[in-house]
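Participant: Quick note on full-length UniProt numbering: the sequence shown kicks off at 1 and runs consecutively.
Beta carbons: idealized from backbone N, C-alpha and C, even for Gly.
The structure under discussion is supplied below as structure tokens; questions concerning it will follow.
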Amino acid sequence: MAKKEENKNEAKKNKISNKDLKKGTASEDVKGSGGSRKKKISETKEAEKKPLKAKKKEPSKGTTPKEGEAKSFPKSKKESQKKSPSKGKTAPVTSKTADKEASTTKKAVSTKKETGKKSGKSSVEDINLKERDKKNLEALKKVSPISEYDVHLFKEGKHFHLYKKLGSHLVDSKGIKGVYFALWAPNAREVSVVGDFNNWFKNANEMIPRQDESGIWEVFIPEAKKGSIYKYFIRSNSGYEAEKGDPFAFTWEIPPNTASVVWDLENTWSDGDWMENRKKNSGKEKPVSAYELHVGSWKRVPEDGNRSLTYREMAHELPVYLNELGFTHVEFMPVMEHPFFGSWGYQVTGYFAPSSRFGTPQDFMHLINALHQAGIGVILDWVPSHFPSDLHGLHYYDGTFLFEHEDPQKGFHPDWKSYIFNYGRNEVRAFLISNALFWLDKFHADGLRVDAVASMLYLDYSRKDGEWQPNEFGGNENLEAISFLKEFNEVVYDEFPDTITIAEESTAWPMVSKPTYMGGLGFGMKWMMGWMHDTLEYFQKDPIHRKHHQNTITFSTNYAFTENFMLPLSHDEVVYGKKAMLSKMPGDRWNQFANLRTLYSYMFAHPGTKLIFMGGEFGQNSEWDHDSSLEWHLTNEDSHKGIQRTISALNKLYKTEPALYEKSFKPEGFEWIDFKDADSSVISFLRKGLDTKDNVLVVCNLTPIPRENYRVGIPEAGKWHEIFNSDSKDFGGSNVSNMEFVNSEATPTHDKAYSVSLTLPPMGVIYLKREPS
1 MAKKEENKNE
11 AKKNKISNKD
21 LKKGTASEDV
31 KGSGGSRKKK
41 ISETKEAEKK
51 PLKAKKKEPS
61 KGTTPKEGEA
71 KSFPKSKKES
81 QKKSPSKGKT
91 APVTSKTADK
101 EASTTKKAVS
111 TKKETGKKSG
121 KSSVEDINLK
131 ERDKKNLEAL
141 KKVSPISEYD
151 VHLFKEGKHF
161 HLYKKLGSHL
171 VDSKGIKGVY
181 FALWAPNARE
191 VSVVGDFNNW
201 FKNANEMIPR
211 QDESGIWEVF
221 IPEAKKGSIY
231 KYFIRSNSGY
241 EAEKGDPFAF
251 TWEIPPNTAS
261 VVWDLENTWS
271 DGDWMENRKK
281 NSGKEKPVSA
291 YELHVGSWKR
301 VPEDGNRSLT
311 YREMAHELPV
321 YLNELGFTHV
331 EFMPVMEHPF
341 FGSWGYQVTG
351 YFAPSSRFGT
361 PQDFMHLINA
371 LHQAGIGVIL
381 DWVPSHFPSD
391 LHGLHYYDGT
401 FLFEHEDPQK
411 GFHPDWKSYI
421 FNYGRNEVRA
431 FLISNALFWL
441 DKFHADGLRV
451 DAVASMLYLD
461 YSRKDGEWQP
471 NEFGGNENLE
481 AISFLKEFNE
491 VVYDEFPDTI
501 TIAEESTAWP
511 MVSKPTYMGG
521 LGFGMKWMMG
531 WMHDTLEYFQ
541 KDPIHRKHHQ
551 NTITFSTNYA
561 FTENFMLPLS
571 HDEVVYGKKA
581 MLSKMPGDRW
591 NQFANLRTLY
601 SYMFAHPGTK
611 LIFMGGEFGQ
621 NSEWDHDSSL
631 EWHLTNEDSH
641 KGIQRTISAL
651 NKLYKTEPAL
661 YEKSFKPEGF
671 EWIDFKDADS
681 SVISFLRKGL
691 DTKDNVLVVC
701 NLTPIPRENY
711 RVGIPEAGKW
721 HEIFNSDSKD
731 FGGSNVSNME
741 FVNSEATPTH
751 DKAYSVSLTL
761 PPMGVIYLKR
771 EPS
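Okay, here's the thing in structure tokens:
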């Protein structure tokens, strides 16, 4: 039944959707771990061909985020200069360089590791330590949180709270004060921490390798403190040298600077009622209407350099706005630290840090806390599918392909010019699953939307013949990624059963949202991409031609219950020439607004949870631009206010009418009345609740022609009240309605014993409900 969705999705045909245009390699602007750190693209390429010689850096100033401080983009330093892949520019890394790197890595791996460990010894005391290292070792014994069991779990890929062990952690206990650092770099020969506390001197704070074959290096630095800026200087066995950010850093310098910052996650939460109710309502079918939002462009401050709102400023405005419109959740596009603002957050380098462009980790916690207090759930967009090639990031981390797969056919994405995680490596799986739990644990997130799942599932995703190798069974399935996704979902639902995971999966892969014990991937929901494509295709047609495309608007119900679907009208549909939602609609301005109200009304009646991208809720005229604010001035116009009021009314009905959500994932919750009246372009159906008294009749007139005495079959006799009409004057419509109620008649219609004679508004949708006997 889902074949049509498969046929309609480009990913299954090895084509790329608009999402691909935002995936490219992030810019290599590594300024900020001290003074001038900007690398040219040519230098980046050269660095990948031969060992790097790290340059001495001077400490940068004034870029450490302060809690509550309004952030703006650095005025004296341009954001990343790399062009978006959509502009047709060449990204700094190619599959050819990836091949060369793979060759270099194989040589490096074959080189005997020189960690200073004496043969046959397992104790770190046996290392020929410098005097300062001996003192450091004594301090490490007191402050290191890593146990033998931690190491065992990590090596097995079963340690899912690595953020408590690795990275930088403040220490203030029993007379010991400073910062403990721990880094996984198994192929490094030397590692040291460089930062503003040691003048970026490479040999000042050398790390000590643990003698347990974990590949973890440790050091305690008394001079470091909260707010200290740092990187790791790494020299590999093959001679590769680089300064890297901390994969577990809780915050970073404000881009384009690229150093990590010592920070803590201490916070006072006041969302206890929300968290408790979340537990109580876990597993219940409930309405989910999500507002997708990009933090950097929702609202701007034109009088202050057109900067974005900070997290704390947003905490004052966003919860109120979402409550006015009735949304149940907000879905943030990736907030994790990313160097290239034009990537929309999908090129992550700091997986454990909210972007410092908008404030500190505590500022982002404050925003989530405010949303919870207002009764709004928070879903975070999460990107385990790939990462960029920035030198300070995860790529080629310790002089080998550590986080990515060394085979470019499995570890390098040819279109996005980015790297793919090695899902078969235990430590990488532990890193990613720890990261997922981190946001649910430390930031109280209510769910994760997983980006680009299709690119993970298929070995031949966006690859031609000869560019990929079949799996051990001869198929194109990425068995390691499939295993990872299943384990990710199992762990999330085991530790946080009252949260939700959502897959952006664009193909007909079966059982994405079915439990793993049934053979599924284990997600809670899946984006219904087929519905989105069909619906937008239909509504962009001139109404006079819609009678020839009735199947386009009705086909989705053939597979609507094969998954737990979310209906997305996302950011991908309002960029790169696709036009804004309102501008997609045909006809003059009246018809455009009427079409958009009709589309939304049909969407909220259709089975599935809902998602609308910001700006669509008031009918923005222009495509989304990440460098600009939404067109808020339009909300002063009645026609745009009408769209807002429509969304508000639909969300209210969705939350209060059980038939619209109780059986949203079950075929028993939906019944066609008539889908065959193509000549009139009218469809009618019944949404069913657990109690028949809650049933809602939905009739959609998809042309601008009003219809009198239109007869529709109904299952029960009685008075039927019109509880919603998209043509209401309150929404900017012509106010054609059915007054207070209509009486049923014993006139068999549509295989029903009773029927009602209705007035259908032009280009409109009506919901009716039977009055209790």
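Just checking, does the region 574–589 make contact with the region 620–638 on the three C-beta pairs under 8 Å criterion?
Facilitator: Verdict: yes, contact present.
Participant: Along the chain, where does the beta strand (DSSP E) that runs through Val-682 open and close?
Facilitator: One-based indexing of the sequence shown puts residue 682 at position 682. Where Val-682 is concerned, the enclosing beta strand (DSSP E) stretches over 682–687.
Participant: Which residues in the same chain as Asp-730 place their Cβ atom closer than 6 Å to its Cβ, once the five residues preceding and following it in sequence are excluded?
Facilitator: Walking along the sequence shown from the start, residue 730 turns up at place 730. The residues are Arg-645.
Participant: Closest to Gly-718 by C-alpha separation, out of Asn-426, Thr-268, Asp-150, Leu-697, would be which residue?
Facilitator: If you number the sequence shown from 1, residue 718 lands on position 718. Considering only alpha carbons, the answer is Leu-697.
Participant: Relative to the C-alpha of Asp-494, which candidate in Gly-283, Gln-409, Arg-449, Gly-669 has its C-alpha closest?
Facilitator: As a working mapping, residue 494 is identified with position 494 in the sequence shown. Taking only the C-alpha atoms, the option nearest Asp-494 is Gly-283.
Participant: Are the CB atoms of Phe-604 and Lys-610 within a distance shorter than 9 Å?
Facilitator: Along the sequence shown, one-based indexing puts residue 610 at 610. Along the sequence shown, one-based indexing puts residue 604 at 604. Yes, these two residues count as a Cβ contact at 9 Å.
Participant: For Trp-217 and Pro-384, I'd like the C-alpha separation in whole angstroms.
Facilitator: Within the sequence shown, the letter at position 217 stands for residue 217. Within the sequence shown, the letter at position 384 stands for residue 384. Their backbone Cα atoms lie some 25 Å apart in a straight line.
Participant: Whose C-beta lies closer than 6 Å to the C-beta of Ile-433 among residues of the same chain, with five residues either side of it excluded?
Facilitator: The residue you call residue 433 lines up with position 433 of the sequence shown. Within the same chain, Ile-433 has close Cβ partners Phe-160, Phe-488, Val-491.
Participant: Tell me, please, which residues DSSP counts as bridged to Arg-300.
Facilitator: Position 300 of the sequence shown, counted from the start, is the residue given in the question as residue 300. Beta-bridge pairing links Arg-300 to Ser-308.
Participant: Mind checking which residues open and close the beta strand (DSSP E) that includes Arg-210?
Facilitator: Here residue 210 is taken as the residue at index 210 of the sequence shown, counted from 1. Here Arg-210 belongs to no beta strand (DSSP E), and DSSP marks it neither H nor E.
Participant: Rounded to a whole number of angstroms, what is the C-alpha to C-alpha distance between Gln-592 and Lys-655?
Facilitator: Numbered from its first residue, the sequence shown carries residue 592 at position 592. Numbered from its first residue, the sequence shown carries residue 655 at position 655. Their backbone Cα atoms lie some 27 Å apart in a straight line.
Participant: Please work out which residues of its chain come closer than 7 Å, Cβ to Cβ, to Ser-270, disregarding the five sequence neighbours upstream and downstream, and give them in chain order.
Facilitator: Along the sequence shown, one-based indexing puts residue 270 at 270. Excluding sequence neighbours, Ser-270 sits near Asn-369, Gln-373.
Participant: Applying the 10 Å Cβ sphere with the 16-neighbour rule, what's the burial state of Arg-770?
Facilitator: For the purposes of this step, residue 770 is taken as the residue at position 770 of the sequence shown. Under this definition Arg-770 is a buried residue.
Participant: To the nearest angstrom, report how far apart Pro-755 and Pro-748 are at their CA atoms.
Facilitator: Start at 1 with the first residue of the sequence shown, and residue 755 comes out as number 755. Start at 1 with the first residue of the sequence shown, and residue 748 comes out as number 748. A quick correction: the sequence has Ser, not Pro, at residue 755. Taking the straight line joining both Cα atoms gives about 6 Å.
Participant: If the criterion is Cβ atoms closer than 9 Å, does the pair Met-333 and Leu-367 meet it?
Facilitator: Counting from one through the sequence shown, the residue named residue 333 turns up at place 333. Counting from one through the sequence shown, the residue named residue 367 turns up at place 367. Their beta carbons are not under 9 Å apart, which means Met-333 does not touch Leu-367 by this criterion.
Participant: Taking buried to mean at least 16 other C-beta atoms within 10 Å of its own C-beta, is Thr-692 buried or exposed?
Facilitator: The count along the sequence shown starts at 1 and reaches residue 692 at position 692. Exposed, because fewer than 16 other Cβ atoms sit within 10 Å of the Cβ of Thr-692.
Participant: Taking only runs of the beta strand (DSSP E) that begin and end inside the region 161–204, which ones reach a length of at least 3 residues, in chain order?
Facilitator: The region 161–204 contains these whole beta strand (DSSP E) runs: 167–173, 176–184, 188–195.
Participant: Take Asn-471 and list the residues in its own chain whose beta-carbon comes closer than 8 Å to its own, dropping the five residues that flank it on each side.
Facilitator: For the purposes of this step, residue 471 is identified with residue 471 of the sequence shown, where counting begins at 1. So the list reads Leu-459, Glu-477, Asn-478, Leu-479, once near-sequence residues are dropped.
Participant: Would you mind stating whether Ile-146 and Arg-210 have Cβ atoms separated by less than 9 Å?
Facilitator: Looking up residue 146 in the sequence shown gives position 146. Looking up residue 210 in the sequence shown gives position 210. Yes; because the gap between Cβ atoms is below 9 Å, this pair is in contact.
Participant: From which residue to which residue does the beta strand (DSSP E) around Phe-332 run?
Facilitator: Along the sequence shown, one-based indexing puts residue 332 at 332. Run containing Phe-332: 329–332, per the beta strand (DSSP E) assignment.
Participant: Run through the DSSP bridge pairs and tell me what Thr-749 is partnered with.
Facilitator: One-based indexing of the sequence shown puts residue 749 at position 749. BP columns for Thr-749 point to Lys-752.
Participant: On a CA-only basis, which of Asp-674, Gly-689, Trp-720, Lys-641 is nearest Asp-751? Give me that one, please.
Facilitator: By one-based count along the sequence shown, residue 751 stands at place 751. The option with the nearest alpha carbon to Asp-751 is Asp-674.
Participant: Cβ of Thr-557 within 9 Å of Cβ of Pro-510?
Facilitator: Within the sequence shown, residue 557 is the residue found at index 557, counting from 1. Within the sequence shown, residue 510 is the residue found at index 510, counting from 1. Contact: no.
Participant: Taking the continuous alpha helix (DSSP H) assigned at Glu-276, which residues delimit it?
Facilitator: Taking the first residue of the sequence shown as 1, we reach residue 276 at position 276. Its alpha helix (DSSP H) spans residues 272–280.
Participant: If you reduce the DSSP assignment to three classes, tell me which class Ala-290 lands in.
Facilitator: Residue 290 sits at position 290 when you count from the first residue of the sequence shown. It is a strand residue.
Participant: What residues in its chain sit with their C-beta under 7 Å from that of Leu-569, if we drop five residues either side in the sequence?
Facilitator: Translated into positions along the sequence shown, residue 569 becomes position 569. Contacts found: Met-532, Met-581, Leu-611, Ile-612, Phe-613, Gly-616.
Participant: Output yes or no for whether 9 Å exceeds the beta carbon distance between Phe-443 and Pro-361.
Facilitator: Reading the sequence shown from its first residue, position 443 is the one you call residue 443. Reading the sequence shown from its first residue, position 361 is the one you call residue 361. Taking 9 Å as the Cβ cut-off, Phe-443 and Pro-361 qualify as a contacting pair.
Participant: Beta-carbon separation of Pro-255 and His-338 under 9 Å?
Facilitator: As a working mapping, residue 255 is identified with position 255 in the sequence shown. As a working mapping, residue 338 is identified with position 338 in the sequence shown. In this structure, His-338 lies closer than 9 Å to Pro-255 by Cβ.
Participant: With H, G and I counted as helix, E and B as strand and the rest as coil, what does DSSP make of Pro-408?
Facilitator: On the sequence shown, position 408 is the one that residue 408 refers to. Of the three classes helix, strand and coil, the one that applies to Pro-408 here is helix, per DSSP.
Participant: Quick check on the DSSP output: the alpha helix (DSSP H) that includes Ser-583 runs from which residue to which?
Facilitator: If you number the sequence shown from 1, residue 583 lands on position 583. From DSSP, the alpha helix (DSSP H) with Ser-583 extends over 581–584.
Participant: Within a Cβ cutoff of 6 Å, which residues of the same chain sit near Asp-727, ignoring the five residues on either side of it in sequence?
Facilitator: As a first step, residue 727 must be located in the sequence shown, where it is residue number 727. Only Gly-733, Ser-734, Val-736, Pro-761, Gly-764 meet the Cβ criterion.
Participant: For Arg-449, is the classification buried or exposed, using 16 other Cβ atoms within 10 angstroms of its Cβ as the cut-off for buried?
Facilitator: The residue you call residue 449 lines up with position 449 of the sequence shown. Under this definition Arg-449 is a buried residue.
Participant: Please give me, in chain order, every unbroken run of the alpha helix (DSSP H) with length at least 4 that falls completely inside the region 426–472.
Facilitator: As far as the region 426–472 is concerned, its whole alpha helix (DSSP H) runs of at least 4 residues are 426–442, 453–457.
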